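Counting in our numbering, the sequence shown runs from 223 upward without gaps.
All residues carry an ideal CB built from backbone N, CA and C; glycine is no exception.
In this text, all values refer to a predicted model and were calculated from it rather than measured experimentally.
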Amino acid sequence: MAISDWKKSVVYQIYPKSFNDTTGNGHGDINGIIEKLDYLKMLGIDYIWLTPIYLSPMNDNGYDISDYYEINPDFGTKEDFKRLLDEAHAHGIKVMSDIVINHTSTSHQWFVESRSSKDSPYRDYYIWKDGKEGTPPTNWESKFGGNAWQLDEETNQYYLRLFDVTQADLNWENASLRKEIYDMINYWIDFGMDGFRFDVINLISKGEFKDSDKIGKEFYTDGPKVHEYLHELNRNTFGDIEGFMTVGEMSSTTIDHCIKYTNPERQELSSVFNFHHLKVDYKNGEKWTKMPYNFIELKQILFKWQLGIHQGNGWNAIFWCNHDQPRVVSRFGDDSTEENRVKSAKMLAISLHFLQGTPYIYQGEEIGMTNLYFDDIKQYRDVESINAYKIMSENGFTNKEILDILQDKSRDNSRSPVQWDESENAGFTSGTPWIEVASNYPTINVKSALENKDSIFYTYQKLIELRHNLDIITYGSIKPLLETHEQLFAYERELDGKVLTMLANYSDQPVAIPEDIDTTGEVLINNSEVFTRELEPFQAVAILR
Ligand code: TEU
């Protein structure tokens, strides 16, 4: 049964390429998603978010769109997609799609025209600049490595590409471009879409084009006209559709901007993703270092955002995983033994799902899928990981050092096929998967999770059910507890005189609950059989009084 209050909803992210293959070509497809709708309904989620399924050369797995109006044939046809929408709706599940409007693929017709001559009417759809005496217009760095400007010999100018060379940034200053984007979004709304995730949407307004002391982010992150553009987007497309859900992916943003993006009075977006809590292990701003995470800092960041967004009447997404992040159980939990994997995966779920915001579950998270532990660069597929390998090799890192870092951080850790059962290729495909399946699939898979009533799956199911039923989880205020405690993550939520307390032990040792913490009340969820004043390793509990 679909819930009416979108703020109570839980989203399940699908990376279609790795979800479920019905054709045997080794790539997941739309029909594969349809096949699993009963499973998703059993989990209890309200929305699925699909990463891009539009026509694309797939250099960045669909985040390089070459035609916004066509479905990538690797995933299926428009008819398949229509059927997915209809069947999802029949299951009480809504569908959000990812739209990438900060950049397009360089194979998009707009870019092909734009590149053809300085006089093309499409020239101004992208950002072209002259170089400075044979060097790029500015020293900005691409997020995927190298200078962010690419020289095009044809017209001897540079185009901006904040990501891959084949992902050219669009020029939002151009009103015809903006109109084309709104038309396209309206087309998909008419098609039946229930929401959108907007990729790196806070990068669309570029400010001044000057050299930077750092890597250039300050010139285009939450740029000068970004709020104006998002308000215009809202007014021209989804703004008046009741319950239409939008989430903007925000790169290196601030709380103040996120309040502006999501405070309903401003008519921009319904919610935002920010990543500050997942950057805790980037020491000194260096992207490619291997380092254990800082637990106190993780809590501080989460609390700061929870309090800030709540006070500003904004709305945040809450999540541990997505297709760009390593698997959370391998990162903040412990996958070194089966017992700890299961316990810590449940603990991570419990400690996140009582926070305020919209929870996102990334495919496979609900069964505790782990990182891949590949030991050869040839096993990797991700453009960012492969570029990083090249750059690190040039900077003198050894092969072993680089592979160790990629084992922790590569985006491929979350892009391996969903482990459905213990059959060959984990039941993902009858062919050869486009990326290898994690070798632990004979034990970690959906089939065995469903058969075991104590599995991680049922913890997620219970957490979703609690959110649907208890208003305090959606609307309660938040009070951080034990902020400087080295092992425990704890907070209280409060609404109408009721208090919900969440306590989680992030360590592999038993930890006593400090005396001033009130643990009386009804236990809503507990990942152990017992509950005393001493939490077991990786134990998590939520109590309502
Ligand atoms: O990601 C945006 C982003 O900032 C990423 O560079 C992220 O920081 C990085 O992947 C972490 O390693 C979005 C999409 O989610 C990502 O898959 C795309 O590659 C990117 O935009 C470009 O469209």
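Checklist entry - Where do the ends of the beta strand (DSSP E) carrying residue 254 lie? => result Annotation for residue 254: no beta strand (DSSP E) segment contains it, though the alpha helix (DSSP H) segment containing it runs 252 to 257.
Checklist entry - Can you round the beta-carbon distance between residue 530 and residue 246 to whole angstroms, since I take them to be within the 8 Å contact cut? => result Contact between residue 530 and residue 246 does not hold, since their C-beta atoms are separated by about 49 Å, which reaches or exceeds 8 Å.
Checklist entry - Tell me the DSSP bridge mates of residue 538? => result In the DSSP output, where bridge partners are listed per residue, residue 538 has 494.
Next on the checklist: Pull the bridge partners of residue 652 from the DSSP assignment, please.
Outcome noted: Paired residue(s): none; residue 652 is not in a bridge.
Item to check | Alpha carbon of residue 249 to alpha carbon of residue 625, nearest angstrom | outcome: Going from the Cα of residue 249 to the Cα of residue 625 covers about 25 Å.
Checklist entry - With distances taken from CA atoms, which of 562, 623, 539, 312 is nearest residue 759? => result Of the listed residues, the one whose Cα sits closest to residue 759 is 562.
Checklist entry - Going by other Cβ atoms of all chains shown within 10 Å of its Cβ, with 16 needed for buried, is residue 752 buried or exposed? => result Exposed, since its Cβ has fewer than 16 Cβ neighbours within 10 Å.
Checklist entry - So, are the CB atoms of residue 637 and residue 657 less than 8 Å apart? => result Cβ distance < 8 Å, so residue 637 and residue 657 count as in contact.
Next on the checklist: I need the boundaries of the beta strand (DSSP E) containing residue 341, first residue and last residue.
Outcome noted: That residue, residue 341, is in no beta strand (DSSP E); it is neither H nor E in DSSP.
Item to check | Residue interval of the beta strand (DSSP E) (run including residue 701) | outcome: Element bounds for residue 701: 699 to 703.
Item to check | residue 767 in three-state terms, based on DSSP | outcome: Per DSSP, reduced to three states, the secondary structure at residue 767 is coil, with no helix or strand assignment.
Next on the checklist: Can you tell me whether residue 555 is buried or exposed? The criterion is at least 16 other CB atoms within 10 Å of its CB, across all chains shown.
Outcome noted: By the 10 Å Cβ count, residue 555 comes out buried.
Next on the checklist: Quick check: the segment 725 to 744 against the segment 685 to 692, are at least 3 beta-carbon pairs closer than 8 Å?
Outcome noted: Contact annotation: the segment 685 to 692 does not touch the segment 725 to 744, with fewer than three C-beta pairs closer than 8 Å.
Item to check | Exposure of residue 303, with buried meaning 16 or more beta-carbon neighbours within 10 Å | outcome: By the neighbour-count rule (16 or more Cβ atoms within 10 Å), residue 303 is buried.
Checklist entry - the ligand TEU heavy atoms versus the CB of residue 413: any closer than 7 Å? => result The ligand TEU has no heavy atom closer than 7 Å to the beta-carbon of residue 413.
Checklist entry - To the nearest angstrom, how far is it from the Cα of residue 402 to the Cα of residue 234? => result Going from the Cα of residue 402 to the Cα of residue 234 covers about 29 Å.
Checklist entry - Does the beta-carbon of residue 745 have 16 or more other beta-carbons within 10 angstroms, so that it is buried, or is it exposed? => result Exposed: under 16 other Cβ atoms inside 10 Å.
Item to check | Completely contained beta strand (DSSP E) runs for the segment 612 to 647, where each covers 3 or more residues | outcome: The qualifying runs do not exist here; there are none.
Checklist entry - Taking 7 Å as the cut-off, is the CB of residue 441 close to at least one heavy atom of the ligand TEU? => result Incorrect: residue 441 has no Cβ contact closer than 7 Å to the ligand TEU.
Checklist entry - Hey, would you say the C-beta of residue 776 is under 7 Å away from at least one heavy atom of the ligand TEU? => result Coverage of the chain is limited to positions 223 through 767, which leaves residue 776 absent and any answer about it impossible.
Item to check | Of the residues 236, 478, 588, the one placed nearest residue 565, counting alpha carbons only | outcome: Out of 236, 478, 588, 588 has the C-alpha closest to the C-alpha of residue 565.
Checklist entry - Using CA coordinates, which residue listed in 426, 595, 299, 351 is at the minimum distance from residue 432? => result Taking only the C-alpha atoms, the option nearest residue 432 is 351.
Checklist entry - For residue 322, which residues of its own chain have a beta-carbon under 7 Å away from its beta-carbon, when the five flanking residues on both sides are left out? => result By the criterion of a C-beta distance shorter than 7 Å, residue 322 is surrounded in its chain by 274, 285, 287, 421, once the five residues flanking it on both sides are discounted.
Checklist entry - Can you give the Cα-Cα distance for residue 292 and residue 415, rounded to whole angstroms? => result Looking at the two C-alpha atoms, the distance is approximately 15 Å.
Next on the checklist: Any contact between the segment 376 to 388 and the segment 258 to 273? By contact I mean 3 or more CB pairs, one from each, below 8 Å.
Outcome noted: The count of Cβ pairs closer than 8 Å, one atom from the segment 376 to 388 and one from the segment 258 to 273, stays below three, leaving the stretches out of contact.
Next on the checklist: I'd like the span of the alpha helix (DSSP H) that includes residue 679, first residue to last.
Outcome noted: Per DSSP, the continuous alpha helix (DSSP H) segment holding residue 679 begins and ends at 678 to 691.
Checklist entry - Taking C-beta to C-beta, are residue 428 and residue 377 nearer than 8 Å? => result Residue 428 is not a Cβ neighbour of residue 377, given a cutoff of 8 Å.
Checklist entry - In terms of alpha-carbon separation, which member of 560, 281, 251, 705 lies closest to residue 305? => result With respect to the C-alpha of residue 305, the residue from 560, 281, 251, 705 having the closest C-alpha is 251.
Item to check | Proximity of residue 572 and residue 742 at Cβ, strictly below 8 Å | outcome: No. Outside cutoff.
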